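Numbering (numbering that gives the first Met the number 0), first residue to last: 0 to 345. For reference, the structure is listed below as structure tokens.
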Amino acid sequence: MSEKIHFLPWERKEEFREFLKKCGVLDEIRKGYRVGLKIHFGEKGNPHYIPPYLVKIVGEVIKDKGAKCWLIDSNVLYRGMRARTSTHLEVAKEHGFMDIGIPVKIAGDFAQEREKEVIVNLKHFRKVYILEDFLEFDYLILLTHFKGHALAGIGGSIKNLSMGCASRKGKYKMHSKMVPQIKKELCIGCETCAKHCPGEAIKVKNGKAKIIEEKCLGCGECIQVCPTKAISIPWESVKSEEFQERLVEYAFGIWKERKGSIFAINFLHSLSPDCDCLSKPAPPLAPDIGIVAGKNIVEVDEFSLKKTIEVKGYHAPEGVDKFLHHRPNIPTHIQMEYGKKLFTSL
0 MSEKIHFLPW ERKEEFREFL KKCGVLDEIR KGYRVGLKIH FGEKGNPHYI
50 PPYLVKIVGE VIKDKGAKCW LIDSNVLYRG MRARTSTHLE VAKEHGFMDI
100 GIPVKIAGDF AQEREKEVIV NLKHFRKVYI LEDFLEFDYL ILLTHFKGHA
150 LAGIGGSIKN LSMGCASRKG KYKMHSKMVP QIKKELCIGC ETCAKHCPGE
200 AIKVKNGKAK IIEEKCLGCG ECIQVCPTKA ISIPWESVKS EEFQERLVEY
250 AFGIWKERKG SIFAINFLHS LSPDCDCLSK PAPPLAPDIG IVAGKNIVEV
300 DEFSLKKTIE VKGYHAPEGV DKFLHHRPNI PTHIQMEYGK KLFTSL
């Protein structure tokens, strides 16, 4: 599964419209198609999201083909502005995505999440859990701000597809192989978590909640509803290498279910070492580089990382992996290496 990769230097971004037309990004989109533009709106306070005016151009080119498109993202597992649909939409508006003529949709509102189970039979997962919203489009385009990540090394199209399109249960399972943790000093024994637990895995005894491990579904509902933030994700339960492989397996499952009707566009700008989920990310490690597009998400991410290595960074020279230099213990190559093994089988 090898496809041509296209690159547009950042200093020529005013040519983005023609770039889209010439590189074949939208060639498979037909009149009447429903197209999902999978995007990350950025957490409140984070300035590193994709410039809305470039996203607007994608929408205009799609509309010129007689198709309809929607900006779409899913609610996150942890607490924050993007954990609930109402406040997630507030962030999208604050960052300018409500003013570009493309309707915005938040997939999988936790109150009415529609999830599909997909069999993959891979190393870490026998099945993956995907939000059905992302399967209902005729075509899905990944609009990804390429950057670093504290656990995944890099955050590119693979992560945008996997974590971004997974259901709440899927997000939790990628992050952890343990049940949620309860901080007894914060638990007030209100039974809110127990009342909301779909697996009836939480009991309150002697004024404190306790999770019955064998009954836990790993859905993360208790984390969301706890009024005192006494329940948390055991982030440290999965190491970087395994986390990256889990991301790839979810991306593979979604790609397989969509039968490859996906295209990836990475925006190599504001190259922070941190995920856009942080409200106060670290500053960029290198100058803005350009836009990378292609059908093969693994190759798009690999080419994107290569371009960041080639340039002179603010703290590392040409030829040095800027993200690895920033976090020496977090590898940046695992996603691509494992991705090549899986995606070549399609």
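The beta-carbon is built from N, C-alpha and C at its ideal position, and this holds for glycine as well. These numbers come from a predicted model, not from an experiment.
Short Cβ contact (9 Å threshold) for residue 169 with residue 114: Reading the sequence shown from its first residue, position 170 is the one you call residue 169. Reading the sequence shown from its first residue, position 115 is the one you call residue 114. Cβ distance < 9 Å, so residue 169 and residue 114 count as in contact.
Contact the segment 129–142 vs the segment 36–47: 3+ CB pairs below 8 Å: A contact exists between the segment 129–142 and the segment 36–47.
Residue 104 - DSSP class collapsed to helix/strand/coil: One-based indexing of the sequence shown puts residue 104 at position 105. If DSSP states are grouped into helix, strand and coil, residue 104 belongs with the strands.
At least 3 beta-carbon pairs within less than 8 Å: the segment 49–57 vs the segment 148–165: Result no; under three Cβ-Cβ pairs closer than 8 Å.
Through-space distance from residue 3 to residue 179, alpha-carbon basis: Here residue 179 is taken as the residue at index 180 of the sequence shown, counted from 1. Here residue 3 is taken as the residue at index 4 of the sequence shown, counted from 1. Straight-line Cα distance between these residues: approximately 43 Å.
Beta-carbon proximity check, residue 348 vs residue 43, cutoff 9 Å: Because the chain here runs from 0 to 345, residue 348 falls outside it and cannot be looked at.
Distance between beta carbons of residue 112 and residue 167, contact taken as under 8 Å: Here residue 167 corresponds to residue number 168 of the sequence shown, with the count starting at 1. Here residue 112 corresponds to residue number 113 of the sequence shown, with the count starting at 1. Going by Cβ atoms, the distance from residue 167 to residue 112 rounds to 6 Å, so yes, they are a contact pair.
Extent of the continuous alpha helix (DSSP H) run through residue 51: One-based indexing of the sequence shown puts residue 51 at position 52. If you look at residue 51, you'll find it in the alpha helix (DSSP H) that goes 51–63.
Residues that residue 208 bridges to, as DSSP identifies them: As a position in the sequence shown, residue 208 is number 209, starting the count at 1. Beta-bridge pairing links residue 208 to 203.
Coarse secondary structure for residue 82, derived from DSSP in three states: To locate residue 82, count along the sequence shown from 1; it is residue 83. Secondary structure at residue 82: helix, using DSSP grouped into helix, strand and coil.
Burial state of residue 205, where buried means 16 or more other Cβ atoms lie within 10 Å: Here the question's residue 205 lines up with position 206 in the sequence shown. Its Cβ having fewer than 16 others within 10 Å, residue 205 is exposed.
Residue 22: first and last residue of the uninterrupted alpha helix (DSSP H) it sits in: Position 23 of the sequence shown holds residue 22. If you look at residue 22, you'll find it in the alpha helix (DSSP H) that goes 15–22.
Separation of residue 144 from residue 17, as counted between CA atoms: Numbered from 1 along the sequence shown, position 18 holds the residue referred to as residue 17. Numbered from 1 along the sequence shown, position 145 holds the residue referred to as residue 144. Residue 17 and residue 144: Cα-Cα distance of roughly 20 Å.
Cβ neighbours of residue 336 in the same chain (closer than 7 Å, five flanking residues each side left out): For this step, residue 336 is matched to residue 337 along the sequence shown. Same-chain partners within the cutoff: there are none.
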